[in-house]
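Residue numbers (our numbering): 198 to 233.
Every residue, glycine too, gets a C-beta built ideally from N, C-alpha and C.
One structure below.
Next up, the structure:
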């Protein structure tokens, strides 16, 4: 979650909205937005 927050902060500084942060594993994936 700390990495997602840093990406969001950096994006906001550049005027870019973070829509999602998807983590892809060998057999599955996780969407941070679906966790909230």
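Looking at the secondary structure, which residues open and close the beta strand (DSSP E) in which residue 221 lies? Residues 219 to 221.
Who pairs with residue 227 in a beta bridge, going by DSSP? Secondary-structure assignment with DSSP links residue 227 through a beta bridge to 220.
Which value, in whole angstroms, describes the spacing of the CA atoms of residue 217 and residue 229? If you take the alpha carbons of residue 217 and residue 229, they lie about 6 Å apart.
Thinking C-alpha only, which one of 221, 199, 204 and 219 is nearest residue 213? Considering only alpha carbons, the answer is 204.
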